[in-house]
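What follows is a short report on a single structure.
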DNA sequence: GTCTATAGAAAGATAGAC
DNA sequence: GTCTATCTTTCTATAGAC
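Chains as they are written, first to last, in our numbering: chain A, 1 to 189; chain B, 190 to 378.
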């Protein structure tokens, strides 16, 4: 019984990690339950022993993806990079590519709009956490918290990356990402 | 012959307008050719007399949607609003709702990432035009052109609206939109 | 819990009548 | 050019064996 529960939990996590990766890269509609299960080393039929629907998996995978990239952005985590290190990483061409890490806030922005409340709640929760982390960085840097400024910073990061991913011109994407970096690195924002 | 060609052109435009509206509101995968044709007052089978594929229709509909909202943003158009009027309109809760107008750059940002080059080229072209219009506003206002700043402004507008549409919390969305407006109205950007 | 098999629905694209 | 009918594929979700 204890072993079974442990095994089920591990399997569930494997499914979630596969889902977080595949959904972020390809969007909800282009990934089937089959794809996720295959990536996790299982088959279709086993899915419903872990989740009740594809939408539920999607919502949970957003939280999973956010946690795996978000640990690196919490300034209270001793392993987290500096604010400028965060900017460089987040607004990099590697992040745009999405092979190693992918923030679901930027990779799934408009994908979320078409989903049910279960999914949109998950996205909203992750966005609030993202802004809260930027608030913490503000406090560390300047001693003051300014949520308006944190939201502007969030838009510049998430929006900049999302647009850089949409456009089909690598040079323009580089210029766009570095423009966003410049807006955040100077005292402007 | 002349009448037929004129009629075909009108029909094609009706299809494009329906597509621009439905795709922007619902994304590529949730709108079928059937939905578009029904909205245009026709049926499925007639579609392929006008377009060769759904992807081609999507690419063209992005240009159509951009033109219908973009005329209002070109400062060289005498009917266009002031820069601050543009900010207010673009970052409004009505635009977030999308009933009257919808900028495809913000409504389809991550949707584009999954499509073929035909579609991504259209999006990229529209984005470049958007930045160019912001450049023109800069010149009118301050006499100097600053493309880096125009890109930052574009990200704040497009990204802010896209995120406001994704989150499931009207109050937070209002706060987010007004934060973006504040960033653009002050001399900061 | 995981498998194979399948039901049932939706949608892109084509064929052929008018 | 537009219609109806259809081919074909894809995918969610369920049933039942092990």
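Positions of the beta carbon are idealized from the N, C-alpha and C atoms, including for glycine.
In this text the structure is predicted, and so the values were computed from the model without any measurement.
Host alpha helix (DSSP H) of residue i (start-end)
| i | result |
| --- | --- |
| residue 185 of chain A | 170-185 |
| residue 338 of chain B | 336-355 |
| residue 34 of chain A | 33-39 |
| residue 54 of chain A | 54-70 |
| residue 121 of chain A | 117-142 |
| residue 286 of chain B | 282-286 |
| residue 262 of chain B | Residue 262 of chain B -> no alpha helix (DSSP H), and no H or E assigned at all. |
| residue 111 of chain A | 109-113 |
Rounded straight-line distance, which links the Cα of residue j to that of residue i
| i | j | result |
| --- | --- | --- |
| residue 112 of chain A | residue 338 of chain B | 29 Å |
| residue 120 of chain A | residue 127 of chain A | 10 Å |
| residue 177 of chain A | residue 108 of chain A | 18 Å |
| residue 98 of chain A | residue 24 of chain A | 8 Å |
| residue 375 of chain B | residue 346 of chain B | 14 Å |
| residue 278 of chain B | residue 344 of chain B | 16 Å |
| residue 19 of chain A | residue 10 of chain A | 14 Å |
| residue 349 of chain B | residue 5 of chain A | 43 Å |
| residue 118 of chain A | residue 57 of chain A | 10 Å |
| residue 51 of chain A | residue 324 of chain B | 50 Å |
| residue 314 of chain B | residue 41 of chain A | 41 Å |
| residue 197 of chain B | residue 219 of chain B | 27 Å |
| residue 225 of chain B | residue 147 of chain A | 42 Å |
| residue 204 of chain B | residue 243 of chain B | 12 Å |
Where residue i meets chain B, residues with beta-carbon distance less than 7 Å
| i | result |
| --- | --- |
| residue 84 of chain A | Under the 7 Å cutoff, chain B gives no residues; its nearest Cβ is about 17 Å from residue 84 of chain A. |
| residue 49 of chain A | None at all; the shortest Cβ gap to chain B is about 28 Å. |
| residue 169 of chain A | 313 |
| residue 92 of chain A | By Cβ distance, chain B contributes nothing, its closest Cβ being about 16 Å from residue 92 of chain A, past 7 Å. |
Contacts of residue i in chain B (Cβ-Cβ under 8 Å)
| i | result |
| --- | --- |
| residue 176 of chain A | 340 and 344 |
Assigned exposure category for residue i - 16 Cβ within 10 Å defines buried
| i | result |
| --- | --- |
| residue 282 of chain B | exposed |
| residue 78 of chain A | exposed |
| residue 304 of chain B | buried |
| residue 250 of chain B | buried |
| residue 91 of chain A | buried |
| residue 380 of chain B | Nothing can be reported for residue 380 of chain B, as the shown portion of chain B is limited to 190 through 378. |
| residue 284 of chain B | buried |
| residue 33 of chain A | buried |
| residue 73 of chain A | buried |
| residue 167 of chain A | buried |
Interface partners of residue i on chain B, CB under 9 Å
| i | result |
| --- | --- |
| residue 158 of chain A | 348, 351 and 352 |
| residue 166 of chain A | 294, 297, 298, 299, 300, 301, 302, 309, 312, 313 and 316 |
Chain-ordered chain A contacts of residue i [CB-CB under 9 Å]
| i | result |
| --- | --- |
| residue 288 of chain B | Within chain A, no residue comes near residue 288 of chain B; the closest Cβ sits about 14 Å away, beyond 9 Å. |
With 7 Å as the C-beta to C-beta threshold (strictly closer), list the residues of the region 290-314 of chain B near chain A in chain order.
Flagged, chain order: 296, 297, 298, 299, 300, 301, 302, 303, 306, 309, 310, 312 and 313.
Got a sec: which bits of the region 192-226 of chain B sit with their beta carbon under 7 Å from any beta carbon on chain A, in order along the chain?
Cβ contacts with chain A: 215, 216, 218 and 219.
Give me the subset of the region 315-343 of chain B whose CB atoms are less than 7 Å from a CB atom of chain A, sorted by chain position.
Listed in chain order, the positions of the region 315-343 of chain B with a beta carbon within less than 7 Å of a beta carbon of chain A are 316, 337, 340 and 341.
Against chain B: residues of the region 60-88 of chain A by CB proximity under 7 Å:
For the region 60-88 of chain A, which is checked against every Cβ of chain B, not one residue is closer than 7 Å.
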